[in-house]
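*Asks:* Chains as they are written, first to last, in my numbering: chain P, 237 to 575; chain D, 237 to 575.
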DNA sequence: CCGTTTTATGAAATCGATTTCATAAAATAC
DNA sequence: GTATTTTATGAAATCGATTTCATAAAACGG
């Protein structure tokens, strides 16, 4: 591997001068600059990033922590992060944690050793403390999608889950649905809690009663498919379901289909996320679209801004909350609005 | 950040001794070892990976290059790579290249500068040369899924695309289908070429004629949906379609559905990949399952074996070809076998 | 033309861990 | 008891790039 010394010798100058030419941080005579550039091009030299990082204390690398890339919202988010990072000259390290505190801790320990400049965390949970420690140590951190409601110390990129859910349920009511069920995720996550609140308030605004038996919960012993199937056999079955994620909507669709009922004539279904399969389903799924790519890109942009600010001033920018807008994408799984 | 000097001072020894205790590469007196470990635990010291890497010439980091993580086969592959890498103490850098030679070159240039130990490449194309250069320079490289048929210099992890395709088409024939169409991908990729060959040979073995008009091609002006729609209106429409990837199968299903025909009664459909959505479709898609997770894990395992061999001996192991087995997963989009 | 400021560049220190080299102390041999 | 080997450890060199420091040469002011 060719190093700076080789180039220096070839150009007949000292390593310092080569460095000065390449970083441009100090004036160099035009003749010497030409000689050096010549030697650089000739050898195909490119500075060793490890040595550079060691000296500078940075690596131009960020980590992206998520539960699992298999969760269908993450590929697009990841793409957004990676594209933006690359544009800014940063490299992305991928961490699937399975929400396992041990794996998460292992990652943090490994990456903390001074060669990751910052973290995008899409897997934070209420109970864990590693991320706070990391932040307290001075690492730039941006929370993505998942966040802790009573903690405003860290940057967050998210959507307005309350309004988005409220809008979706209101839409169902406007299409004439009276018995609107919800397929709910783990409410220890703030974003699911918000979607639940939006559901409740939308019912109230529409003058519809809240019925506890219409709330299906994930990880509740049985899966959504089973819960939906039995709900359809009850005395007052739902005529609509607001699923708090698209995969849950898929299970609902299957349950409806397997009972011989039609979507949307018998049961309307709205999902949340707009992952790629939503449009491919039969019928295509009406869903609340999150701007996943933009969320990833925004998180990367913010993180890199924090990193650069820290490099310049030694401190972090005050934590900010970036709320992107969702959009209800109406497809075939819902009836049309009544005039 | 606490460094080795701090620990040394605290323990009352030299940095060399601290290093010896932690690497275990030289004998240390039991008393001193205890003192050092004490200081290490007390300070929470962990060696700087950048400095370590600079000295050792390795970074315990590998790169995973793919067209895009949005392509639904890659999340699972990525998960396999990452899990195996983590188990072996390696970190994964993610590279989405969009098959753009410029982006790919930029990545290669950036990562070549001595701090990536090896590459898993799932995006190689016949025309490009960067990867060969990289390999010629001595970097360990494992090709995943995509490969170059007349190049046996690099390790490959793949499946038997020919046999898998042949098996799928033979299955369609055995269920009584007579006019089997194929929805084909870009045949400049060897793996699509092989699937095509398997289709042709299966037809022949089943005594069915090859009909050129039943070959639908991606990137052929019109999309698969349109091609399938017009094929269904022809004089002798297909009664089955072998799609060379699951997303293509989805388009076929939509075309069939929109023509008011039923799957599998009127048209059988088989996909390829078994991505997560396959089982969620209505009807659930019969498809050739690739062991995506295992392919990723196998590629990572092989790459790390190469890296370690190179570190020990300075040379690479002779290139090997690892062929994993596919499995036809029969679901609802095909008829059952005739006795 | 002499003193002062710029400009350009090499030598050497630095980042942090590892490793070779040197050496003092301890252990063993005869 | 002296010679030799082994063990334990510190000092210093090393990885490669950057940056401070020092200094020679050039430019400039009066």
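Cβ atoms here follow ideal geometry from the backbone N, Cα and C, with glycine treated the same way. It should be emphasised that the depicted structure is a prediction, and the values quoted were computed from it without experimental measurement.
#1: State yes or no: is the beta carbon of residue 607 of chain P nearer than 8 Å to at least one beta carbon in chain D?
#2: From residue 388 of chain P to residue 335 of chain P, what does the alpha carbon distance come to, in whole angstroms?
#3: For residue 472 of chain D, which of helix, strand or coil comes out of DSSP?
#4: Tell me whether residue 310 of chain P sits in a helix, a strand or coil according to DSSP, three-state version.
#5: Of all the residues that make up the stretch 371–395 of chain D, which are near chain P by a beta-carbon distance shorter than 7 Å?
#6: So, does the CB of residue 516 of chain D fall closer than 8 Å to a CB anywhere in chain P?
#7: Report the neighbours of residue 568 of chain P on chain D: residues whose CB is nearer than 9 Å to its CB, in chain order.
#8: For residue 355 of chain P, which of helix, strand or coil comes out of DSSP?
#9: Does any C-beta atom of chain D lie closer than 8 Å to the C-beta of residue 434 of chain P?
#10: Any C-beta of chain P within less than 9 Å: which residues of the stretch 276–290 of chain D qualify?
#11: Excluding five sequence neighbours on each side, which residues of the same chain lie with their C-beta closer than 8 Å to the C-beta of residue 482 of chain D?
#12: Can you say whether residue 245 of chain D is buried or exposed, counting buried as having 16 or more other CB atoms within 10 angstroms of its CB?
#13: Going by DSSP in three states, residue 509 of chain D sits in which element: helix, strand or coil?
#14: Taking the alpha carbon of residue 320 of chain P as the point to measure from, which residue in P/553, P/543, P/536 has its own alpha carbon closest?
#15: Please classify residue 371 of chain D as buried or exposed, where buried requires at least 16 neighbouring CB atoms within 10 angstroms.
#16: What are the residues that DSSP puts in a beta bridge with residue 302 of chain P?
#17: Excluding the five sequence neighbours on either side, which residues of its own chain have a C-beta within less than 8 Å of the C-beta of residue 366 of chain D, listed in chain order?
#18: State yes or no: is the beta carbon of residue 243 of chain P nearer than 8 Å to at least one beta carbon in chain D?
#19: Per the contact definition of three or more C-beta pairs closer than 8 Å, is the stretch 239–258 of chain D in contact with the stretch 419–438 of chain P?
#20: Along the chain, where does the beta strand (DSSP E) that runs through residue 525 of chain D open and close?
#21: Would DSSP call residue 478 of chain D helix, strand or coil?
#22: Enumerated in chain order, which unbroken segments of the alpha helix (DSSP H) with a length of 4 residues or greater are wholly contained in the stretch 247–296 of chain D?
#23: Give the list of continuous beta strand (DSSP E) stretches no shorter than 3 residues that lie fully inside the stretch 334–409 of chain D.
#24: Listing by chain order, which chain D residues have their CB less than 9 Å from the CB of residue 332 of chain P?
#25: At the 8 Å Cβ level, is residue 306 of chain D part of the contact set with chain P, yes or no?
#26: Residues of the stretch 507–536 of chain P with a CB closer than 8 Å to any CB of chain D: list them in chain order, please.
#27: Closer than 9 Å between beta carbons: that is the criterion. Which residues of the stretch 339–350 of chain D meet it against chain P?
#28: Is any non-hydrogen atom of the ligand MG found closer than 7 Å to the C-beta of residue 507 of chain D, if you look at the structure I gave you?
#29: Which first and last residues belong to the beta strand (DSSP E) in which residue 557 of chain D is found?
#30: At a Cβ cut of 7 Å, what residues of the stretch 480–500 of chain P count as close to chain D, listed as they run along the chain?
#31: Do the stretch 385–402 of chain P and the stretch 428–440 of chain P meet, that is, are 3 or more Cβ pairs less than 8 Å apart?
#32: At a CB-CB cut-off below 9 Å, which residues of chain P make contact with residue 504 of chain D?
#33: Below 9 Å on C-beta distance, what does residue 328 of chain P contact in chain D?
#34: Can you list, in chain order, the residues of its chain with a C-beta nearer than 8 Å to that of residue 297 of chain P? Leave out the 5 residues immediately preceding and following it.
#35: So which residues of chain D does residue 311 of chain P contact, with C-beta pairs closer than 7 Å?
#36: Candidates P/458, P/547, P/558, P/571: which alpha carbon is nearest residue 293 of chain P's?
*Replies:* In short:
#1: Residue 607 of chain P is absent from the model: chain P starts at 237 and stops at 575.
#2: 22 Å
#3: coil
#4: helix
#5: none
#6: yes
#7: In chain order: nothing, as chain D lies at least about 11 Å away.
#8: strand
#9: no
#10: 282, 283, 284, 285, 286, 287, 288, 289, 290
#11: 308, 507, 508, 509, 510, 511, 513, 514, 521, 523
#12: exposed
#13: strand
#14: P/536
#15: buried
#16: P/332
#17: 337, 340, 341, 344
#18: no
#19: no
#20: 522–525
#21: strand
#22: 251–259, 266–279, 285–292
#23: 354–357, 377–380, 391–395
#24: 314, 315, 318, 319, 322
#25: yes
#26: 512, 513, 516, 517, 518
#27: 339, 342, 343, 345, 346, 347, 348, 349, 350
#28: Absence of the ligand MG from the depicted structure is noted, as is the absence of any ligand whatsoever, leaving it without description.
#29: 557–560
#30: 486, 493
#31: yes
#32: Correct list: empty, because the minimum Cβ distance to chain P is about 17 Å.
#33: 329, 330, 331
#34: 326, 327, 328, 329, 351, 352, 353
#35: 305, 306, 311
#36: P/547
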